[in-house]
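Numbering (the UniProt record's numbering), first residue to last: 1 to 769.
Glycine included, every Cβ here is placed at the ideal spot set by N, Cα and C.
In this text, all values refer to a predicted model and were calculated from it rather than measured experimentally.
Heads up: the structure comes next, in structure tokens.
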Amino acid sequence: MEKLEIAVQECVDFIFPVIQNLAATTDELLEHPLPEDSFSADLLEFRWPALQNDRNQNIDTDAIVGLALRRVLIDSSPLEGESDQPSNKDSLYKIAVVLDFCYHSRKNRKNPLTWSIAFFALFSSVIDSLSWPRGLLEFWPYAESRIEWFKMCNSLDPLRPGSSNLISYKQPLYDKLRHWNDLLKAVKNNYYLNTPACYEMKFKFEKFLSELLPLYEESNFNRSALFSNKQSSGNPWNKTISSSTRTESSSENIFATDYNYVFDELLTAPLEFIYKPLEFKIDMDKVLTPLLDAIFEVEEDFYRGIKKSHKMVSSINEKLNHAFPVDFEILQTRVPNYMKISKRNNEERQKYWTEFLNLNKLLSSAVQPTLLDISVSNPSVIYDQMLELDNDYHRKQFILQICFTANLIRQIITSPDVENYYKNCYQKERPAQSINFQSLNESNHKKTLSLCDYLVNNRTKKFYQHRDPQFVLVIEKLLESEDCFLKAKVDGFKSFQSLNISDEQVKLDDTDYSYKKFGFILLGNKSLNNVWKVKTGLDVIPEASKNAKEIFEDLNSKRNHVNMDQEDLEASDDRIVKDWQILRSLRSQYLFSFNKIDEHSGLDGLFESSLSDSRLSERRKLLERLVEKVKEPHLLKLQSAREFMTDRKSKKRSLEEEKGKRRWSRNSDQEKKNPIMDPLMLHLQLNFPLQRSPKRTKPPHHHKYKLRKQLRQMKTQQIFQHQLQRTQRKPLLGEKLQKETVQSPIRRVKTQQRLQLVIQVSTISSKLC
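See below:
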């Protein structure tokens with residue numbers, strides 16, 4: 001025993017520096033395997049000093065190497081609770097080097113066929129030594145990148161893609177698979193402390209185990225044909241306090257009772273439901289119908305709200321984006337250039353997204369409730385979850401469960417193979433519970449089949465056909481895949497045993513970069529170019545600099561130091577062409593300086609601002625002259641219109657003065673003749689205005705004026721007589737007013753004044769008549 005311990009320690013001292021050196025000098029060891037030539041030939045062929053010693057000749061070499069590698073793994077594993085990230089990464093790299101060495105040295109072992117047992121043992125010890133889930137999540141890229149090595153089992157050569165030699169009930173996977181299943185079961189039961197990282201690692205582990213075995217392996221599918229009867233994950237953070245104030249006849253309790261009844265008697269027990277009596281199925285239909293009615297009613301409101309919001313958004317977009325194409329919303333938005341080159345915006349954006357990604361890592365290690373679980377213990381909560389208008393997740397989940405169960409019942413009833421498969425599985429897994437499989441008569445059979453067709457086709461597909469065609473398509477595809485999976489499951493997935501994946505690599509054709517398109521022909525004609533193989537010399541012409549700043553400085557230097565004849569320059573025919581070429585080269589950097597250039601200053605305006613300023617002042621003067629010339633006829637017309645309006649106002653004022661003088665003289669004459677008429681005329685003018693003749697610029701003839709005056713006098717006499725008749729017709733007016741004004745002395749005084757005025761008017765009118 002001492003000899004074995006000494007030999008193992010000598011092997012560890014020999015191999016550990018090599019592993020440590022490779023881990024320190026190689027990057028991305030977890031994502032990419034080490035090549036075989038990374039290890040020396042002496043190391044791979046086990047020509048180690050400790051193994052070549054004479055005292056260790058009788059010890060099994062494979063056992064010594066296995067123990068040495070296991071001890072290196074233990075020494076390289078990170079300590080429990082180690083928080084130093086670089087040291088943890090170095091430890092994982094050392095573990096990866098040890099496992100890669102175990103794989104590359106498989107052919108040089110004493111018994112090469114046992115290399116997989118050692119490889120699986122080392123991998124299992126790594127899983128047990130790393131912390132769950134953070135340590136395993138950091139190490140797991142190694143398992144995903146080397147999964148083909150695990151599938152080789154005892155084989156020394158790589159397998160064809162998609163194949164695996166592992167068997168669930170044989171070594172090296174037999175005892176490891178049981179151990180890992182127990183580990184996953186413990187994680188599942190430890191839901192009190194599970195975090196999102198725990199569920200992520202659990203999913204990756206289960207995916208890894210399912211990919212190890214072939215598709216037709218029985219451990220890869222539910223061979224016992226048992227139905228899950230758990231609605232929630234059992235997470236205590238999802239538990240809600242049930243209310244005791246609600247009555248048994250409330251909507252929440254009725255809905256929760258019906259839901260649990262359907263789930264327990266139909267969704268989780270389809271085989272028992274098939275062989276139940278007909279009366280039970282009729283009762284189930286009576287319970288299921290109002291439950292689906294309530295769900296579909298909320299679904300109707302849900303889709304109506306979506307349609308209304310889409311219509312509102314589309315109308316707003318149509319109003320705001322008039323004359324745009326209909327699909328303008330799918331146009332990609334472009335970030336402005338100033339935001340791309342802004343250093344401050346880029347730094348703030350990088351800081352924000354870095355903190356956002358770190359937030360996900362922090363939250364993944366915290367205990368959180370599983371928000372998608374449905375609450376069955378609290379009637380009010382399950383009622384709100386199922387009938388919440390804005391969230392249709394739980395409703396869609398229940399509808400899919402109904403469809404899957406109804407489709408499974410149809411397959412069991414219509415297919416004898418499926419029926420025998422589920423019968424055998426039920427009798428094997430539940431021998432204590434018995435079902436009378438002979439109780440399904442013809443009427444019961446038809447009723448069950450019609451109920452399933454009614455639930456899938458009439459209730460579900462017909463409802464969603466026009467409201468959500470995409471969801472109907474999803475249901476149909478899922479039901480088709482369920483039918484195919486059920487047929488393959490009954491057959492034991494034998495069709496996958498003969499599945500061969502070609503190992504030939506797909507070769508891509510090399511691109512011929514020497515081929516040239518016929519976009520440019522040197523001599524303008526392809527036939528001439530083939531006959532006259534003459535070089536055009538285009539490749540000899542020196543290319544001008546494409547840097548705008550260099551062109552600008554070169555142009556300025558030539559302008560200052562070279563004396564060019566201005567007349568010859570103006571007379572040259574290609575001056576305009578050259579100027580345009582220079583402008584096109586300068587526009588990338590000096591575009592906003594082009595306003596200094598015109599037809600007179602030319603390119604000199606870029607360097608002398610005085611030329612552009614003087615030219616601009618001349619343009620302004622010319623523009624002002626043009627504006628004055630355009631406004632001149634309008635100003636003349638405006639002056640004549642003003643003179644006409646002043647003359648018209650003066651004439652109107654003189655006519656009004658003359659008319660006022662005539663009116664004043666006529667009123668003075670009447671006052672002299674009839675002085676008693678003053679109060680009467682004042683009263684008549686205030687209350688009974690006479691209609692005056694329209695104004696005339698010319699005086700009327702004498703006989704017409706006299707006739708109109710007589711008519712006015714007759715009209716005045718008629719008014720007086722009418723007023724007198726009114727007063728004689730109501731002799732009690734004074735008494736009535738006196739009775740009404742008993743309570744108000746102020747009103748009484750006003751009423752007396754009115755009576756006196758009426759009496760005076762009546763007396764005066766009687767005298768005139």
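Three-way DSSP call (helix, strand, coil) for residue i in this model
i	result
I59	coil
Y303	helix
E599	coil
D554	helix
C153	coil
T697	Note that T697 has pLDDT 44, beneath the 50 cutoff, so the model's placement of it is unreliable and the number below is only indicative. If DSSP states are grouped into helix, strand and coil, T697 belongs with coil.
F255	helix
N88	helix
N220	helix
T370	coil
V335	coil
Which listed residue (the options) has its alpha carbon closest to that of residue i
i	options	result
L591	K549, R625, K631 and V630	K549
H32	A121, Y142 and I95	Y142
A96	V472, F39, L603 and F139	F139
D157	L371, A63, P112 and P379	P112
W149	T195, Y199, E211 and S125	E211
S145	G605, C102, V577 and L30	L30
N108	F485, Y169, S125 and T61	T61
Y421	L136, E2 and S224	S224
L215	I475, Q497 and D491	Q497
G605	L623, R653, R160 and L555	L555
residue 833	I127, K311, T511 and N21	Absent from the structure is residue 833, since the part of the chain shown begins at 1 and ends at 769.
Cβ shell of residue i (< 8 Å), same chain only, five flanking positions each side left out
i	result
L389	V298, D301, F302 and G305
P290	D258
V98	I19, L69, V72, L73, S76 and L122
L177	S168, L209 and S219
7 Å Cβ shell around residue i - same chain, five flanking residues per side excluded
i	result
N444	L278
M677	At M677 the pLDDT is 47, less than 50, meaning the model places this residue with poor confidence and gives no usable figure here.
Q385	I374, S375 and H394
L479	C403 and N407
Distance between residue j and residue i (C-alpha atoms, nearest Å)
i	j	result
K651	H634	26 Å
K661	Q639	34 Å
D503	M152	15 Å
L408	N229	16 Å
residue 777	L183	Residue coverage of the chain in this structure runs from 1 to 769, which leaves residue 777 outside it and unanswerable.
N346	S593	30 Å
V335	Y352	18 Å
F493	N457	30 Å
F471	S364	32 Å
I413	L455	16 Å
S251	E348	52 Å
A294	S415	33 Å
E218	S315	57 Å
K576	S585	Rather than Lys, the amino acid found at residue 576 in this sequence is Ile. For I576 and S585, the distance between alpha carbons rounds to 14 Å.
F398	L387	12 Å
Y464	D392	13 Å
K477	D491	21 Å
Y192	P369	10 Å
H179	Y199	19 Å
H104	A7	22 Å
S609	L636	41 Å
L622	I597	19 Å
K281	L451	9 Å
L508	N360	41 Å
L44	Q505	30 Å
F46	L34	18 Å
Whole-angstrom C-beta distance between residue j and residue i, which should lie under 8 Å
i	j	result
T405	I274	About 11 Å; that fails the 8 Å criterion.
H600	R619	H600 to R619, Cβ: 11 Å. No contact.
G135	P196	16 Å between Cβ atoms; not a contact.
D574	G602	Their Cβ separation, rounded to whole angstroms, is 14 Å, which puts D574 and G602 out of contact at 8 Å.
Contacting residues, own chain, Cβ-Cβ under 6 Å from residue i (five flanking each side not counted)
i	result
R71	V12
E2	none
I15	none
P700	With a pLDDT of 44 at P700, under the threshold of 50, the predicted position of this residue should be treated as unreliable, though the coordinate-derived value follows. If we look at P700 and ignore the five residues flanking it on each side, it has no Cβ neighbours.
F255	Y383
CB contact check: residue i to chain C, cutoff 8 Å
i	result
E45	Given the protein chain composition of this structure (a single chain), no chain C is represented.
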